[in-house]
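Read through the structure below, which is laid out as structure tokens, and then see the notes.
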Amino acid sequence: MAIEMRGLVPLLQVFDMNESMRFYCDLLGFEVLQRSPEVDTPEGRFSHWMWLRQGSAELMLNTAYDSGERPAVRDGERERGHGDTGLFIGCPDVDAAWRHLTEHGLEIAPPSETGYGSKQIRLRDPDGFELCLQWNAGG
769 MAIEMRGLVP
779 LLQVFDMNES
789 MRFYCDLLGF
799 EVLQRSPEVD
809 TPEGRFSHWM
819 WLRQGSAELM
829 LNTAYDSGER
839 PAVRDGERER
849 GHGDTGLFIG
859 CPDVDAAWRH
869 LTEHGLEIAP
879 PSETGYGSKQ
889 IRLRDPDGFE
899 LCLQWNAGG
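Numbering follows my numbering, in which position 57 of the sequence shown is assigned residue number 825; successive positions increment by one, without gaps.
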């Protein structure tokens, strides 16, 4: 018997939930599907866990530190570990996405075509996770 599965939702550990929410929701257009209760912490008020959706793309975010335990600055070693994690997200209009992102201050390379037929742009979230927005270059 095969196990029926529907969808895959990556979970990313983030340093600053409010900063990540500005990136994913305000900039990329994700909406909150579900969240843990908001808490007041020395770092501010936020939820420790979020489940987001933009179109058919879903993503979960979880704070990397418990309340009151987050260091004052990001841990460079921890973020270097994120460098090999890539999320590839279908994006029918890569050119429009690039214009939107650069108009909002992101410095990213213009869209390019791969040797395997995709048009894509690459960017990093505040925690250093790579996002690749791509679509079949032929339409």
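For every residue, glycine included, the Cβ atom is placed at its ideal position computed from N, Cα and C. A quick note: this is a predicted structure, and the numbers were derived from the prediction, not measured.
- For E799, the closest of M769, A832, S824 and T870 by C-alpha to C-alpha distance is S824.
- In the structure shown, R803 falls within a strand segment according to DSSP collapsed to helix, strand and coil.
- The closest CA to that of L801, considering only M818, F814 and M789, is found on M818.
- Residue state for V862 is assigned as helix, using DSSP reduced to three classes.
- From the listed residues R892, E826, R821 and L901, the smallest Cα separation to G858 is found for L901.
- The residues V862, D863, W866, K887, Q888 and I889, in chain order, have a CB closer than 7 Å to that of P879 in the same chain once the five nearest residues on each side in sequence are set aside.
- Its chain contains R803, S804 and E806 as the residues whose beta carbon lies nearer than 6 Å to that of S815, once the 5 sequence neighbours on both sides are disregarded; these appear in chain order.
- Ranked by Cα distance from P810, the options E845, Y833 and G854 are led by Y833.
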